[in-house]
Each structure stands twice: as C-alpha cells, then as structure tokens.
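Counting in numbering that gives the first Met the number 0, the sequence shown runs from 0 upward without gaps.
Backbone N, C-alpha and C fix where the C-beta goes; we use that ideal spot for every residue, glycine too.
One structure below.
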Amino acid sequence: MKETVYLDNSATTKPCEEAIAFMNKALTDNWGNPSSLHTIGISAEDLLISCKEACAKAIGSRSDEIYFTSGGTEANNLALNGAVLSRAKRGNRIITTSIEHPSVSEVLKRFKEKGFEVIYLEPDTDGRISVDAFRSALTEKTILVSIMLVNNETGAVQPIKEISETIKASGYSPVFHCDAVQAFGKLPIKVSELGVDLLSFSGHKIHAPKGIGVLYRRKNLHITPLTFGGGQQEGLRPGTEPVPLVAALEGAIKALPDPNKKLPEMAELFKYARTKLLETSLVELNSAETALPYVLNISVPGWRSETLLHFLDNKGIFVSSGSACAKGGTSPTLSAMKLDRKRIDSALRISFSRFSTFSDVDKLCEAITEATTKLKRA
0 MKETVYLDNS ATTKPCEEAI AFMNKALTDN WGNPSSLHTI GISAEDLLIS CKEACAKAIG
60 SRSDEIYFTS GGTEANNLAL NGAVLSRAKR GNRIITTSIE HPSVSEVLKR FKEKGFEVIY
120 LEPDTDGRIS VDAFRSALTE KTILVSIMLV NNETGAVQPI KEISETIKAS GYSPVFHCDA
180 VQAFGKLPIK VSELGVDLLS FSGHKIHAPK GIGVLYRRKN LHITPLTFGG GQQEGLRPGT
240 EPVPLVAALE GAIKALPDPN KKLPEMAELF KYARTKLLET SLVELNSAET ALPYVLNISV
300 PGWRSETLLH FLDNKGIFVS SGSACAKGGT SPTLSAMKLD RKRIDSALRI SFSRFSTFSD
360 VDKLCEAITE ATTKLKRA
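This is the structure in structure tokens:
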C-alpha cells in the first residue's frame with residue numbers, strides 16, 4: 000500500500016483512537032434515548048453531561064452554556080440567525096469580515112438581501128483585520144458582530160480580544176459571535192478572555208468524527224431557535240441528541256494536548272516548512288509568520304492549483320487548493336488580501352495536525368519540486 004502524507008487537516012482530521020473508543024462504547028453500552036427516564040436513558044444522558052463538562056473546561060465556560068449541533072456550519076447558522084432574529088427591532092447593522100467561512104458569509108448575504116446593512120472589514124496583507132477599522136464601523140445600530148478567530152485558508156489569527164474590548168468601551172451592546180472552528184484545540188481559548196457571547200467549534204477538526212459540533216451561548220443571552228420539537232437542549236436545538244457522536248467528541252477533547260505546550264512544537268514544524276518550501280525558489284508564501292502554525296498557504300505561480308493537487312495526490316500526498324467548502328471556487332480570502340491572479344490560481348493550503356512530521360514536509364517539498372520539472376506551466 001502506498002504511504003500517504005495527509006496535510007489537509009483544515010478540511011477534516013482522521014478520527015483518533017480515543018474518539019473511536021468512546022464512540023464504540025456509547026454505541027454498545029449507552030445506546031438509549033437521553034430523554035428517557037429509565038436507567039438506559041439516564042446512562043445516555045450521563046454521557047451528554049460528561050461531554051458538556053469537557054467542552055466547558057476546554058473553553059472556560061459553564062457546562063449549561065454548551066449546546067450540541069451537527070457541526071460548525073449548523074452552530075454558525077444557529078448563532079447568526081438566532082441573534083439577528085431576536086434583535087431585528089433594535090437595529091439593522093451587522094459587522095463581519097470579507098474572509099469568513101461560507102457558513103457565516105452565506106447567512107449574512109441573505110440578511111443583506113433582506114435589507115440589513117452588512118459591513119465587510121477587509122484584511123491587511125497578513126490576512127488580519129484592523130481594530131481601528133472595526134471601531135470606525137461600530138455604531139449604536141449594530142446588532143451583531145461575527146468575526147472568526149483563525150482563518151481557514153491562511154491561518155491568520157484575528158484580534159478577537161481587542162475587538163471585544165472595543166465593543167465594551169463603545170457602550171453599545173451587539174451580540175459578538177466568533178467562529179472558532181479552526182482554532183479550537185490548537186489555540187488556548189477562554190471565552191471570558193475573548194469576550195464573546197457566542198462561539199462555534201466542530202468535532203471533525205480535532206480528530207472526532209463528522210456530524211458533531213458545539214455552540215457556546217453565554218448564560219442569559221437570548222437567541223431565537225431555528226428548529227422546534229421536543230424541547231431538548233432547552234429548546235434552542237431540539238431533537239434527540241446523537242449520543243455516540245457526543246461521546247466521540249469527548250474522547251477527542253480529552254486526547255488533545257495542552258495548546259500552550261503543543262504550540263511551540265507546531266511553530267518549529269511551521270518554520271521548517273516555510274524554510275524548506277522557500278528553498279524550492281518557485282514557492283511564494285501567502286500565510287504570514289504570525290499565522291496559526293497549523294495552516295500554511297502557498298502559491299507556485301505558473302502551475303494551477305488543481306494540476307498540482309492531482310500530481311501530489313498521485314504521489315500519496317494530500318493537500319487542498321483552498322477551503323474544502325469552496326468546492327474549487329476562487330478564494331475569497333486571497334482575493335481580499337489583494338494577491339495577484341497568478342498567485343491565487345496556484346494556491347495550495349497545507350494544514351497540519353499534531354500528528355504531522357518533519358518527514359511529511361520533506362516529502363511534500365520533494366514532490367512540489369518534481370511537479371515543477373515535469374508539468375507544463377499554465
């Protein structure tokens with residue numbers, strides 16, 4: 000079997016042994032409906048409570064501020080729609096960025112079509128949003144702010160804490176939502192320090208299976224539910240909870256290394272990758288040195304992304320041509336950073352996990368060099 004080098008961890012991660020073990024135990028031993036009042040149901044409910052506590056510990060929240068969803072996309076949709084629907088009579092301004100994930104940008108696009116004023120903050124050349132630009136956009140009519148913590152294409156880390164401090168200093172009271180899907184488990188996150196009201200993250204980015212996500216909602220913050228049913232999860236996200244997936248999420252969270260200890264190691268790998276790729280002389284780096292060291296966006300001008308991606312695929316090396324949710328479309332993030340068309344058309348996203356190695360980087364660099372000698376320029 001061909002050896003594989005998987006460097007597309009921002010798209011999804013391989014489920015870890017701990018997540019699989021927790022999920023299997025739930026499927027075999029705790030398969031009851033957590034709303035049932037008998038022993039089998041209570042056993043399943045205990046798993047939900049345990050995972051809520053693990054999530055809360057990971058972000059420094061209360062366990063009753065944790066709500067399970069089907070993933071980051073649903074968590075973002077619930078947060079944004081719920082916040083706007085509950086505050087539409089107070090104002091009509093929404094502040095976001097031009098580099099958000101589609102599960103945010105597409106929701107806000109529809110609010111704009113309905114007459115809401117949506118302000119899109121542009122990134123600088125490093126992919127970061129200016130706090131001063133945010134301050135200028137903030138008004139008393141602002142009902143929602145939604146800014147991601149880590150960009151899914153470049154790894155740029157946004158100044159969320161500084162933005163929340165700006166909101167507090169203004170005296171205005173918009174709901175502040177943060178998409179932390181690419182940050183959770185990699186950066187140390189404490190919601191009280193970030194100052195956010197709503198925060199989303201997803202299991203399959205941290206080695207849990209697909210199909211489980213989380214929305215943190217600050218206690219006593221009201222947002223309008225989007226679905227209705229049996230009243231589970233305080234009616235905010237009703238429906239029978241997927242206990243095996245929830246258990247898998249807990250297993251993945253408990254297996255996470257301390258971000259404060261792991262980050263220096265990942266920074267070394269990130270630095271090594273930047274250096275090795277630049278040595279090929281044909282590679283240009285689109286991620287700044289200050290990016291989260293799990294994501295490195297590069298370009299190989301003269302060769303289209305799809306051509307390089309398929310060449311690498313044949314070598315057993317798996318990367319992405321951009322956000323997996325963009326389905327090969329032009330990158331809104333790189334476009335917003337005002338990179339030239341050749342760099343955008345030749346962009347590749349390399350995304351690491353805690354299991355990535357220096358050897359993986361070496362094999363990637365060798366394959367890219369080989370590709371540029373064997374493939375015709377576009």
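- Per DSSP, what kind of secondary structure is Glu69 in: helix, strand or coil? Within the sequence shown, the letter at position 70 stands for residue 69. In the sequence as presented, Glu is not what sits at residue 69; that position holds Ser. Coil, per DSSP.
- Task: Note the first and the last residue of the continuous alpha helix (DSSP H) segment covering His206.
- Result: Within the sequence shown, the letter at position 207 stands for residue 206. Careful: His206 lies outside any alpha helix (DSSP H) and carries neither H nor E.
- Message: Whole angstroms are fine: how far does the CA of Gly70 sit from the CA of Leu47?
- Response: Here residue 47 is taken as the residue at index 48 of the sequence shown, counted from 1. Here residue 70 is taken as the residue at index 71 of the sequence shown, counted from 1. About 16 Å.
- Please list the segments of the alpha helix (DSSP H) lying wholly inside the stretch 55-100, counting only runs of 4 or more residues, in order along the chain. 71-86
- Task: Go ahead and label Phe351 buried or exposed: buried means 16 or more other beta carbons lie within 10 angstroms of its beta carbon, across all protein chains shown.
- Result: Indexing the sequence shown from 1 puts residue 351 at position 352. By the neighbour-count rule (16 or more Cβ atoms within 10 Å), Phe351 is buried.
- One or two residues paired with Ser145 in a DSSP bridge: To locate residue 145, count along the sequence shown from 1; it is residue 146. In DSSP, Ser145 forms a bridge with His176.
- Message: Whole angstroms are fine: how far does the CA of Asp312 sit from the CA of Pro14?
- Response: Walking along the sequence shown from the start, residue 14 turns up at place 15. Walking along the sequence shown from the start, residue 312 turns up at place 313. Near 21 Å, if we compare the C-alpha coordinates of Asp312 and Pro14.
- Task: Apply the 10 Å Cβ neighbour rule to Phe183 and answer buried if 16 or more other Cβ atoms are within range, or exposed otherwise.
- Result: If you number the sequence shown from 1, residue 183 lands on position 184. Under this definition Phe183 is a buried residue.
- Task: Excluding the 5 residues preceding and the 5 following Ala323 in the sequence, name in chain order all residues of the same chain whose CB lies nearer than 7 Å to its CB.
- Result: Your numbering for residue 323 matches position 324 in the sequence shown. Any reading at Ala323 needs caution, since the residue's pLDDT is 48, under 50, leaving its predicted position unreliable; the model's value is listed next. Only Ala10 meet the Cβ criterion.
- Where Leu6 sits in the DSSP three-state scheme: As a first step, residue 6 is located in the sequence shown; it is residue number 7 there, counting from the start. Looking at Leu6 - three-state DSSP - the assignment turns out to be coil, as it is neither helix nor strand.
- Item | Beta carbon of Asn75 nearer than 7 Å to that of Ser201 | Start at 1 with the first residue of the sequence shown, and residue 75 comes out as number 76. Start at 1 with the first residue of the sequence shown, and residue 201 comes out as number 202. Not a contact, by the Cβ cut-off of 7 Å.
- Task: Mark Lys185 as exposed unless 16 or more other C-beta atoms lie within 10 angstroms of its C-beta, in which case mark it buried.
- Result: Here residue 185 is taken as the residue at index 186 of the sequence shown, counted from 1. Result: buried.
- Query: So what does Val378 bridge to, in DSSP terms?
  - Reply: Here the chain has residues from 0 to 377 only, and residue 378 is not among them.
- Message: Which same chain residues end up closer than 8 Å to Leu26 when comparing Cβ atoms and leaving out the 5 residues on each side of it in sequence?
- Response: Translated into the one-based positions of the sequence shown, residue 26 becomes position 27. The residues Pro243, in chain order, have a CB closer than 8 Å to that of Leu26 in the same chain once the five nearest residues on each side in sequence are set aside.
- Roughly how far, in whole angstroms, is the beta-carbon of Ala18 from the beta-carbon of Ala179, given that I think they are within contact range, below 8 Å? Here residue 18 refers to the residue found at position 19 when the sequence shown is read from its first residue. Here residue 179 refers to the residue found at position 180 when the sequence shown is read from its first residue. Not a contact, Cβ separation roughly 19 Å.
- Same chain only: Cβ atoms within 8 Å of Lys189, ignoring 5 sequence neighbours per side: Taking the sequence shown and counting its residues from 1, the one referred to as residue 189 is at position 190. Once the five neighbours on either side are set aside, the close Cβ partners of Lys189 are Ile58, Gly59.
- Leaving out five residues on either side along the sequence, give the residues of the same chain with a beta carbon under 7 Å from the beta carbon of Ser163. Residue 163 sits at position 164 when you count from the first residue of the sequence shown. Correct list, in chain order: Phe175, Leu193, Gly194, Val195.
- Task: Hey, could you find the ends of the beta strand (DSSP E) Gly250 is sitting in?
- Result: As a working mapping, residue 250 is identified with position 251 in the sequence shown. Note, Gly250: premise wrong, no beta strand (DSSP E); alpha helix (DSSP H) at 242-254.
- Query: Can the beta-carbon of Thr3 be found closer than 7 Å to that of Gly315?
  - Reply: Here the question's residue 3 lines up with position 4 in the sequence shown. Here the question's residue 315 lines up with position 316 in the sequence shown. Yes; because the gap between Cβ atoms is below 7 Å, this pair is in contact.
- Whole angstroms is fine: what's the gap from Gly234's alpha carbon to Thr223's? Locating residue 234 in the sequence shown gives position 235, where the first residue counts as 1. Locating residue 223 in the sequence shown gives position 224, where the first residue counts as 1. Spanning the two alpha carbons is a distance of roughly 10 Å.
- Query: Do the stretch 116-136 and the stretch 328-341 meet, that is, are 3 or more Cβ pairs less than 8 Å apart?
  - Reply: Short answer: they touch.
- Message: Using 8 Å for Cβ pairs, my map puts Leu307 next to Ala266. What's the rounded Cβ distance?
- Response: In the sequence shown, residue 307 corresponds to position 308, counting from 1. In the sequence shown, residue 266 corresponds to position 267, counting from 1. That pair is no contact at about 26 Å.
- Message: Count Cβ pairs between the stretch 257-271 and the stretch 97-116 that sit closer than 8 Å; are there 3 or more?
- Response: no
- Message: So, for Thr153: in the same chain, excluding its five sequence neighbours on each side, which residues have a beta-carbon less than 7 Å away from its beta-carbon?
- Response: For this step, residue 153 is matched to residue 154 along the sequence shown. The beta carbon of Thr153 is closer than 7 Å to those of Gly126, Asn285, Ser286, Ala290, Val294, Asn296, Thr332 in its chain, skipping five residues each way along the sequence.
- Message: Using DSSP's beta-bridge definition, name the partner residues of Val156.
- Response: In the sequence shown, counting from the first residue as 1, residue 156 sits at position 157. Its beta-bridge partners are Val149.
- Message: Suppose you measure from the CA of Gly114 to the CA of Ser345; what does that come to, to the nearest Å?
- Response: On the sequence shown, residue 114 is found 115 positions in, with the first residue counted as 1. On the sequence shown, residue 345 is found 346 positions in, with the first residue counted as 1. Their backbone Cα atoms lie some 37 Å apart in a straight line.
- Task: On a CA-only basis, which of Pro237, Lys218, Leu220 is nearest Phe227? Give me that one, please.
- Result: On the sequence shown, residue 227 is found 228 positions in, with the first residue counted as 1. That would be Pro237, whose Cα lies nearest to the Cα of Phe227.
- Task: In angstroms with no decimal places, state the Cα-to-Cα distance between His309 and Lys260.
- Result: By 1-based counting over the sequence shown, the position of residue 309 is 310. By 1-based counting over the sequence shown, the position of residue 260 is 261. Each residue's Cα considered, the two are about 35 Å apart.
- Item | C-beta contact flag for Ile205 and Ala53 at 7 Å | Along the sequence shown, one-based indexing puts residue 205 at 206. Along the sequence shown, one-based indexing puts residue 53 at 54. Not a contact, by the Cβ cut-off of 7 Å.
- Does the Cβ-Cβ distance between Asn29 and Leu225 come in under 7 Å? Counting from 1 along the sequence shown, the entry for residue 29 is found at position 30. Counting from 1 along the sequence shown, the entry for residue 225 is found at position 226. For the 7 Å CB-CB criterion, Asn29 and Leu225 do not form a contact.
- Item | Local conformation of Leu137 per DSSP, three classes | On the sequence shown, residue 137 is found 138 positions in, with the first residue counted as 1. In the structure shown, Leu137 sits in coil (DSSP, three-state: anything other than H, G, I, E or B).
- State buried or exposed for Gly170, treating a residue as buried only when at least 16 other CB atoms are found within 10 Å of its CB. The count along the sequence shown starts at 1 and reaches residue 170 at position 171. Its Cβ having fewer than 16 others within 10 Å, Gly170 is exposed.
- Hey, Arg353 and Val318 are a contact pair by Cβ (cut 8 Å); roughly how many whole angstroms apart? For this step, residue 353 is matched to residue 354 along the sequence shown. For this step, residue 318 is matched to residue 319 along the sequence shown. That belief does not hold up - the Cβ atoms of Arg353 and Val318 are roughly 18 Å apart, past 8 Å.
- Find the nearest neighbour of Gln231 within the set Tyr66, Arg61, Ala132, judged by alpha-carbon distance. Residue mapping note: residue 231 aligns to position 232 of the sequence shown, counting from 1. Scanning Tyr66, Arg61, Ala132 for the CA closest to the CA of Gln231 turns up Tyr66.
- Message: If you measure between the beta carbons of Glu249 and Pro33, is that distance less than 7 Å?
- Response: Sequence index remark: in the sequence shown, residue 249 carries index 250 (1-based). Sequence index remark: in the sequence shown, residue 33 carries index 34 (1-based). Contact: no.
- Specify, as a first and last residue, the run of the alpha helix (DSSP H) that Glu365 falls within. Here residue 365 refers to the residue found at position 366 of the sequence shown. 357-373 is the span of the alpha helix (DSSP H), which, as asked, contains Glu365.
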